[in-house]
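Novice: Sending over a structure as structure tokens; questions will come in a sec.
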Amino acid sequence: MSPETPAGNASGQIVRELAGIPAAEVISNAIILLMSAAAEKLGLADPDPASSENVDLDEARKLITALAGLVQAATPDLGLHGKPIRDGLRGLQAAFREASAFPDAPGEGPGEKLV
Numbered sequence: 451m452s453p454e455t456p457a458g459n460a461s462g463q464i465v466r467e468l469a470g471i472p473a474a475e476v477i478s479n480a481i482i483l484l485m486s487a488a489a490e491k492l493g494l495a496d497p498d499p500a501s502s503e504n505v506d507l508d509e510a511r512k513l514i515t516a517l518a519g520l521v522q523a524a525t526p527d528l529g530l531h532g533k534p535i536r537d538g539l540r541g542l543q544a545a546f547r548e549a550s551a552f553p554d555a556p557g558e559g560p561g562e563k564l565v
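So in our numbering, the last spot in the sequence shown is 565, and the numbers never skip.
This is the structure we're talking about:
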């Protein structure tokens, strides 16, 4: 697709818009997306997570591990948001442990080695 096509122009416009967003905001948005997706995969959006059709612990593990890596790498840049984000991560890790039929050993859960 060439830049002269409408789709090419739209893509270039998106890149220019992204260029104006501060890095801390991009990182925060990525963290929120990972947290939300992990919560969905743990069934936490449903009134009864244990019977949720959305539970997928394998997917939740991947999302929580990716979240932990991002939180660890971005800690110096999170400022005042760091503590609530780490608390949210710990909450997701605890929910994962609770949802697991065979919980991981302490320190072996998703992302626990990273934070």
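Heads up, the beta-carbon is just placed ideally off N, CA and C, and yes, glycines get one too.
From a predicted model like this one, the values you see are computed outputs, not experimental measurements.
Helix, strand or coil for Asp554 per DSSP?
Specialist: It is coil, neither helix nor strand.
Novice: Mark Met451 as exposed unless 16 or more other C-beta atoms lie within 10 angstroms of its C-beta, in which case mark it buried.
Specialist: In this predicted model, Met451 has a pLDDT of only 46, less than 50, meaning its place in the structure is not dependable enough to derive any value.
Novice: Quick check: Ala549 and Leu513, are their CB atoms within less than 8 Å of each other?
Specialist: Not in contact: Ala549 and Leu513 (Cβ atoms no closer than 8 Å).
Novice: Just verifying my parser: in three-state terms, what is the DSSP assignment at Ser452?
Specialist: Unreliable placement is indicated for Ser452, whose pLDDT of 47 sits below 50; the coordinate value is still reported in the next sentence. It is coil, neither helix nor strand.
Novice: Rounded to whole angstroms, what is the Cα-Cα separation between Ser502 and Ile477?
Specialist: Each residue's Cα considered, the two are about 29 Å apart.
Novice: Cβ atoms of Arg511 and Pro553: under 8 Å apart, would you say?
Specialist: Contact flag unset, no.
Novice: Quick check on Asn459: does DSSP put it in helix, strand or coil?
Specialist: Reduced to three states, the DSSP call for Asn459 is helix.
Novice: Is DSSP giving Ser501 helix, strand or coil here?
Specialist: Correct three-state label for Ser501: helix.
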